[in-house]
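Visitor: Take a look at this one; I'll ask things after.
Numbering (the numbering used here), first residue to last: 3 to 186.
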């Protein structure tokens, strides 16, 4: 995966595709006529605050256009500036699942129980037909399952196996059509 510039977020476009966008590129488009009333530095700081919120406080690098626009409007409102949000799309229905919780719930059967639970959770989530399913905490989950404190070759192999299994199960499910899958 290519590293994303620090001042960029992946913006969700139509059809579930993601494009890297600089926050500076987006800000003027969303603020509209209020941009004329603002100092450009104030606008940059507001956009940087929204970027920080999504990337560091929420830990997200994927954001819909509507989410970004709404957050920017709230920040500007807090500064006493009424900004119209010109492009709000419906937010994407996303199911976020933490692999660390699945791993910690694995009892005496360890990996076997983890994989069984992972498959059933994936099927369950796909049955609800969300637009996106995100699995978080892969590295921590792998170290937990492998009973390792530090990353090693065993961890790398287990990580690859987990990702391959999730992809395979996802591809086999008829309900996966129209649902994006993200594993981090």
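Glycine included, each C-beta is placed from N, C-alpha and C at the ideal position. This structure is a prediction, so every number in the text was calculated from the model and none was measured.
#1: Using only alpha-carbon positions, find the residue among 155, 175, 76 and 81 that is nearest to residue 123.
#2: Over the uninterrupted beta strand (DSSP E) stretch that includes residue 167, give me the two end residues.
#3: Along the chain, which unbroken stretches of the alpha helix (DSSP H) at least 4 residues long are found entirely within the region 49 to 135?
#4: How many angstroms separate the CA atom of residue 90 from the CA atom of residue 75?
#5: Residues in its own chain within less than 8 Å of residue 99 by CB, not counting five upstream and five downstream?
#6: In the DSSP assignment, what residue or residues form a beta bridge with residue 138?
#7: The beta strand (DSSP E) that contains residue 182, what's its start and end?
#8: Given 6 Å as the limit, tell me if residue 50 has its C-beta closer than that to any heavy atom belonging to the ligand SAM.
#9: Determine the direct distance from the alpha carbon of residue 68 to that of residue 92, and round the result to whole angstroms.
#10: With DSSP run on the structure shown, which of helix, strand or coil describes residue 149?
#11: Less than 7 Å between C-beta atoms, sequence neighbours within five positions excluded: which residues of the same chain meet that for residue 148?
#12: Less than 8 Å between the CB atoms is what I'm expecting for residue 102 and residue 142, so what's the real figure, rounded?
Guide: On the basis of the supplied data:
#1: Looking up residue 123 in the chain shown gives position 121. For the residues 155, 175, 76 and 81, the minimum Cα distance to residue 123 belongs to 175.
#2: As a working mapping, residue 167 is identified with position 165 in the chain shown. Counting along the chain, residue 167 falls outside any beta strand (DSSP E), though it belongs to the alpha helix (DSSP H) covering 155 to 174.
#3: 67 to 80, 101 to 107 and 113 to 129
#4: Taking the chain shown and counting its residues from 1, one reaches residue 90 at position 88. Taking the chain shown and counting its residues from 1, one reaches residue 75 at position 73. Interpretation of residue 90 is limited by its pLDDT of 44, a score under 50 that renders its predicted location unreliable; the figure taken from the coordinates is listed afterwards. Going by C-alpha positions, residue 90 is about 11 Å away from residue 75.
#5: Position 97 of the chain shown, counting from 1, holds the residue named residue 99. If we look at residue 99 and ignore the five residues flanking it on each side, its Cβ neighbours are 123, 127, 135, 136, 137 and 138.
#6: For the purposes of this step, residue 138 is taken as residue 136 along the chain shown, with counting starting at 1. 100.
#7: The sequence position of residue 182 within the chain shown is 180, counting from 1. Where residue 182 is concerned, the enclosing beta strand (DSSP E) stretches over 182 to 185.
#8: As for the ligand SAM, it is missing from this structure, which has no ligand bound.
#9: Taking the chain shown and counting its residues from 1, one reaches residue 92 at position 90. Taking the chain shown and counting its residues from 1, one reaches residue 68 at position 66. Per-residue confidence for residue 92 stands at a pLDDT of 46, beneath the threshold of 50, marking its modelled position as unreliable; the derived number appears in the next sentence. Going from the Cα of residue 92 to the Cα of residue 68 covers about 7 Å.
#10: Here residue 149 is taken as the residue at index 147 of the chain shown, counted from 1. DSSP places residue 149 in coil when its eight states are reduced to three.
#11: Your numbering for residue 148 matches position 146 in the chain shown. 156, 157 and 160.
#12: Locating residue 102 in the chain shown gives position 100, where the first residue counts as 1. Locating residue 142 in the chain shown gives position 140, where the first residue counts as 1. Correct: roughly 5 Å between the Cβ atoms.
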